[in-house]
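Novice: Residue 51 in UniProt numbering sits at position 51 of the sequence shown; the count goes up by one each step and never skips. Even glycine gets a Cβ: it sits at the ideal position worked out from N, Cα and C.
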Amino acid sequence: MYIKVNVPAAYQPTFRTRKGKIATNVLGLCDMKGDFIYVLAGWEGSMTDSQILQDALVRENGLQMSNGYPNAEGFLAPYRSQRYHLQEWHGVGNAPLNAKEYLYMKYSLARNVIECAFGVLKGR
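Structure follows, in structure tokens:
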């Protein structure tokens with residue numbers, strides 16, 4: 001998540017996001033109630049998700065990451081080519097078909113909680 005910040009002009013290029021805003025990146029972990037249990041902020045807005053991931057991993061955090069990241073010590077990446085989005089499990093007969101889909105359903109539930117918590121934090 002980005003948070004807008006004011007930085008001296010000399011530092012603005014590194015804090016500029018891909019959309020041109022001056023911001024810092026924030027990594028937050030929530031429990032299933034949506035309460036933040038860990039927050040780490042301060043990365044320049046120009047840092048990529050993979051750079052933030054690598055930096056966070058050296059801080060000994062177990063992280064749940066988006067599809068596209070490889071498995072590594074500290075987190076288990078979701079399986080590829082499985083139903084992912086929570087709405088795909090709504091309705092009769094849409095229960096997970098195997099362990100991979102069940103794990104993805106749980107990832108999706110957790111991601112939904114995190115996105116809502118950040119939405120509240122940002123006043124959306």
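With H, G and I counted as helix, E and B as strand and the rest as coil, what does DSSP make of Lys-100?
Specialist: Of the three classes helix, strand and coil, the one that applies to Lys-100 here is helix, per DSSP.
Novice: On the DSSP bridge list, what partners appear for Leu-29?
Specialist: Tyr-38
Novice: Within a Cβ cutoff of 7 Å, which residues of the same chain sit near Val-26, ignoring the five residues on either side of it in sequence?
Specialist: Met-1, Ile-3, Val-39, Ala-41
Novice: Between the beta-carbon of Cys-30 and the beta-carbon of Ile-22, is there less than 8 Å?
Specialist: no
Novice: Just the Cα atoms here: how many angstroms apart are Asn-94 and Ile-52?
Specialist: A direct Cα-to-Cα measurement between Asn-94 and Ile-52 gives close to 35 Å.
Novice: Starting from the C-beta of Thr-17, find all residues in its chain whose C-beta is less than 8 Å away, skip the five residues before and the five after it, and write them out in chain order.
Specialist: Tyr-2, Ala-23, Gly-45, Ser-46
Novice: Is Thr-24 helix, strand or coil by DSSP?
Specialist: strand
Novice: At a Cβ threshold of 8 Å, is Val-113 touching chain D?
Specialist: Looking for chain D here will not work: only one protein chain is present.
Novice: Inspect the beta-carbon positions of Ala-117 and Gly-20 and report whether they are closer than 8 Å.
Specialist: no
Novice: Which residues does DSSP pair with Tyr-2 in a beta bridge?
Specialist: Paired residue(s): Asn-25.
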